[in-house]
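Residue numbers (my numbering): 101 to 418. All residues carry an ideal CB built from backbone N, CA and C; glycine is no exception. This one's a predicted model, so the numbers in the text were calculated from it and none came from an experiment.
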């Protein structure tokens, strides 16, 4: 692939990241954040090589040296999502190279690649009080997005499941069996989701299953059955480093319950099982992202104990 020049000077270029860039990327990020996130960057570079259509990883070069980077992934089919999007997970410019146009060059190339993959926007998350990062993204053209970040503690109170029940909900757990999801369950999950959402999100679930098999981060995907009939599912992961996170945090990617079983406590039981697993991994919090106006989904998560975080979603239209 030919280099994309960021300025007229031939010593400035954008190119794909390669495995040999790993140590320099970790160094830049450590200098900027004060934390080493080697595992995150190593996993992400490996994933980019294994599935290049699902990830975008770019390096900013000055005088044959990596002085900046951006990591992003493609997303289509997440909670309430109706448009393909590019999610910007990490961006960094070496302190000695700031003001040289590297960030704008990386973003221009990211936008170009995202458009070629039919994405309609680039999204990222920042802590609202991080004025340096919000100013940085504002300077790149980002605006406040239309999605909410929700989270909750992984610790559950003994009576919490009962408190989350819907009126008239049967909370007997004797009939609900929860097990780890296997690759053979892919078509079952896709079928369940199609009945729940009315959409075909096959590509999304195929990608999530592929990520689980590659073990990028810790995957926590479970299937609930009642009388051996699939009733619901949850897909989550533990990732270190996404959106600048410096502590282990779980991400709930998707959860669904078949309409036939919605009054039988499947959703709250799945969450209880997920939280139990996360607690055993010493993960303190789990988060998810929803559309601001999806009142049904927000209400569902509210009953499961989720609350708004201090993170805001920023978006850049393509």
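- In the DSSP assignment, residue 168 falls within the beta strand (DSSP E) that extends over 165-175.
- Distance between residue 195 and residue 203, taken at the CA atoms: about 12 Å.
- For residue 151, no beta strand (DSSP E) run applies, since DSSP gives it neither H nor E.
- The C-beta distance from residue 383 to residue 338 rounds to 6 Å, short enough to fall under 8 Å.
- In the DSSP assignment, residue 112 is bridged to 162.
- Look at residue 417 here: in three-state DSSP terms it is strand.
- Rounded to whole angstroms, residue 331 and residue 366 show a C-alpha spacing of 7 Å.
- Proximity to residue 240 across 283, 223, 246 and 255 peaks at 223, based on C-alpha coordinates.
- Nearest to residue 119 by alpha-carbon distance, out of 130, 113, 138 and 112, is 138.
- Residue 246 and residue 397 have their alpha carbons spaced roughly 15 Å apart.
- Residue environment analysis places residue 381 among the exposed positions, since fewer than 16 neighbouring C-beta atoms fall within 10 angstroms of its C-beta.
- Distance check between residue 379 and each of 163, 288, 359 and 254 places 254 closest, using alpha-carbon atoms only.
- The beta carbons of residue 207 and residue 406 sit about 31 Å from each other, so the pair does not count as a contact at 8 Å.
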